[in-house]
Amino acid sequence: MTANEAVLAMAARLSAIDYARHGDKAWSKAALLKEYCRRIAHWAAAYGCETRGPFFDLALCIDPGVRADQEVVDRVIETVRSGASNAITQVAPFILHWAALRATPGIDVPPDLDDPFEPLILLFERDGGFHIEKGSVELEYLSMPMRIWRNFADRPPMPSFAAADLDEIDRAGSLAQFGYVMGPDGLPT
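Mapping to my numbering: the sequence shown position 42 is 61, numbers consecutive.
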């Protein structure tokens, strides 16, 4: 797959997401966010990326010469803007530039580091995404201060991204927090 094909495939994936937030997936999204932070912290350390927050242009840090086509980036931002938060429109270009970098011949990245953006994309696909408010990532019923993102580097990897396992995280989290399993409408299922 060429870099352009990889960017177009990722653009299609990001554009197909329904970015409306419902809340019933907040707990799996929190787990995926922590996994993203774990992974991006390892990448930032490996390449000495200077960043204060967890959402940054990793591809730019690794090789500033590799970029996704700006027209594709602009199209994706325009597509997701109607339903997504500003945080999503800021992160989407980083994901597209990463897709270009990963498919560029001659770019060697450490094979022991997991794809940093896959947990974040799965987070979006599960239930729209998140927004950032007052220095925290807000996931409807849960939040995470962004300043602690590097603290997740020493956590073990998330054992599974399987839909059934993520659904179980949501079921258990909803029961623990509210005493019932929440549906997408905020009501008990």
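Positions of the beta carbon are idealized from the N, C-alpha and C atoms, including for glycine.
Anyone know if the C-beta pair for residue i and residue j falls short of 8 Å?
{"i": "L120", "j": "I114", "result": "no"}
{"i": "S212", "j": "V92", "result": "There is no way to answer for residue 212, as the model of the chain reaches only from 20 to 208."}
{"i": "E159", "j": "G42", "result": "yes"}
{"i": "L141", "j": "L27", "result": "no"}
{"i": "A106", "j": "M29", "result": "no"}
Helix, strand or coil, according to DSSP, for residue i in the structure here?
{"i": "H41", "result": "coil"}
{"i": "I59", "result": "helix"}
{"i": "M248", "result": "Beyond the ends of the chain as shown, which are 20 and 208, falls residue 248; an answer cannot be given."}
{"i": "E97", "result": "helix"}
{"i": "L161", "result": "strand"}
{"i": "V92", "result": "helix"}
{"i": "S34", "result": "helix"}
Might you give, ordered along the chain, the residues of its own chain that have their beta carbon closer than 8 Å to the beta carbon of residue i, omitting 5 neighbours on each side?
{"i": "S155", "result": "S162, M163, P164 and M165"}
{"i": "G202", "result": "D43 and T208"}
{"i": "L194", "result": "V200"}
{"i": "D186", "result": "S47"}
{"i": "R145", "result": "K44, S47, K48, L51 and L185"}
Using a Cβ-Cβ cut-off of 7 Å (strictly less than) and excluding sequence neighbours within five positions of residue i, which residues of its own chain qualify?
{"i": "A65", "result": "P129 and L132"}
{"i": "A103", "result": "Y38 and G148"}
{"i": "H61", "result": "L132 and A172"}
Could you tell me which of the options sits nearest to residue i, measuring between CA atoms?
{"i": "K169", "options": "Y38, S47 and R71", "result": "It is worth fixing the name first, because residue 169 is Arg in this sequence and not Lys. Comparing Cα positions, the closest option is R71."}
Can you list, in chain order, the residues of its chain whose CB lies under 6 Å from that of residue i, leaving out five sequence neighbours each side?
{"i": "R174", "result": "R57"}
{"i": "F143", "result": "I36"}
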